[in-house]
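Residue numbers for the sequence shown follow numbering that gives the first Met the number 0, beginning at 0 and rising by one. A virtual CB, placed ideally from N, CA and C, is assigned to each residue, including glycine. Remember, it's a predicted structure, so these values are computed and weren't measured experimentally.
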Amino acid sequence: MSAMWQGCLADTDYFELRSSGGYDYGVWVTTPPGYDPATTPAPAVYVLDGNWAVGMTAPLIVTQLDPMQQIQPYIQVSVGYAGEEAQHWARLRNRDLVPPGEPIAQELIDAVEKGFQAGMTTREEADAYLAELSDTRADAFLSFLTTELHPRIERDYGTAASGHGLFGYSYGGLFSLYTWLSGSALFESVGAGSPGVTSTDSQVFAQLEEMGDSQRAARLHVTINVQELLGDLAVYQSITKNTATLLHRLTSRSEAVTSAILDETHVTGLQASFLSYLRTCRAR
């Protein structure tokens, strides 16, 4: 990393990795202050939407030195897109973070159209965004994280054998729910911020039914934002209502699930949600 970027994201390396599926990913790895894997190996926390999230979440690694509420040591692995594709991260994430067969809610289509009408996107950008939702592959992306990326992180950074975490926001939060419900053995804690459960027919409800009486060992922490529920965008109202429904069903099963309501909007809630996950699931 250049000297300029090193000053902004201390102790952060960057590399690119092509998946077995032929997709290129950019990976930022931020190690704890004074990290020495030979003496104190730390688990990894994978943070999705790296192109957007790394600047707001990686600096919070200093919470491990906070004398008032220390967070357990972790290595942050922020995963995004590389090369020319990086500029299209907002739509490419749809392919990777949304479960296969996830329905496209009318409220989402309306929100995309509203963005176009307001001049926030071009027609081509709006159409491309929705097109990425026609063939979604969260299963393939989860396999990439666990079987391709994690072994490299484990090898190059000397991670601990256990205690790994996952955090995602919006569609990343939907991916977090999908991963937790899938029962992935890699992650011992999962943070899902404002998960993009836009439809009452979401695949996460089908996953919950498929679980039957079985329970998940990993801890799940979910956040939503007040302004999503009280605002006038139907798609945000839907995700809070659907997430609340899922939470009610999970807590009635006595799952290891916690939740928090944050005083944020959907856009401003990312950092607050990540911090809530750290305080709840990774405090000393």
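- Listed as beta-bridge partners of GLY190 by DSSP are PHE166 and HIS220.
- LEU148 carries a helical assignment under DSSP once its states are collapsed to helix, strand and coil.
- For SER133, the secondary structure class from DSSP, reduced to helix, strand or coil, is helix.
- Collapsing the DSSP output to three states places THR279 in a helix.
- Close CB contacts of LEU274 within its chain, under the 8 Å cut and outside five residues either way in sequence, are with LEU59 and THR62 (chain order).
- Along the region 204-265, the alpha helix (DSSP H) occurs as fully enclosed runs of 4 or more residues at 225-229 and 233-250, listed in sequence order.
- Contact check for ARG136 and ARG94: beta-carbon distance about 6 Å, within the 8 Å limit, so the pair qualifies.
- Put simply, the region 97-113 touches the region 194-213. At least three CB pairs are less than 8 Å apart.
- If you check the CB distance, ASP10 and PRO32 come in under 9 Å.
- Closest option to VAL76, judged by alpha-carbon separation, among GLY167, HIS265 and SER253: GLY167.
- Bounds of the beta strand (DSSP E) holding LEU16 are 11-17.
- For ARG154, the number of other beta carbons within 10 angstroms of its own is below 16, and it is reported as exposed.
- A direct Cα-to-Cα measurement between THR56 and TYR24 gives close to 18 Å.
- By the Cβ test, the region 130-150 is not in contact with the region 231-246, since fewer than three Cβ pairs between them sit closer than 8 Å.
- With contacts defined by Cβ atoms closer than 9 Å, ALA217 and SER183 form a contacting pair.
- When the beta-carbon positions are compared, VAL234 and ASP109 come within less than 9 Å of each other.
- Sixteen is the threshold: when 16 or more other Cβ atoms of the shown chains lie within 10 Å of the Cβ of ARG281, as they do, the residue is buried.
- Per DSSP, the continuous beta strand (DSSP E) segment holding GLY79 begins and ends at 74-80.
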